[in-house]
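Before any comments, here is the structure.
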Amino acid sequence: MKIIMNVEINEGYEKWKQLFVSADSAREKYGIKVLAYGHPKDNENKIYQV
4 MKIIMNVEIN
14 EGYEKWKQLF
24 VSADSAREKY
34 GIKVLAYGHP
44 KDNENKIYQV
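Pasting the structure below:
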């Protein structure tokens, strides 16, 4: 199964990225693989995850 998430955040991409990366071990524990994540060049408050 693949899930694509598009979310608008309020506190900035760098803060979101720190939290996202800190959850790597939890995702690994449950077999969740992230193929890609990031934001459009023109808006760091709209993030995506695949």
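Under our numbering, the first residue of the sequence shown carries the number 4, and numbering increases by one thereafter.
We put the CB at the ideal spot given by N, CA and C, even for glycine.
These numbers were taken from a predicted model, which means no experiment stands behind them.
| Check | Outcome |
| --- | --- |
| Endpoints, alpha helix (DSSP H) assigned at residue 51 | Note, residue 51: premise wrong, no alpha helix (DSSP H); beta strand (DSSP E) at 49-52. |
| Euclidean distance between Cα positions of residue 9 and residue 31 | 21 Å |
| Helix, strand or coil at residue 24 [DSSP, three-state] | helix |
| Expected contact under 8 Å - CB spacing of residue 21 and residue 40 to nearest Å | No, residue 21 and residue 40 are not in contact; Cβ-Cβ is about 13 Å, not under 8 Å. |
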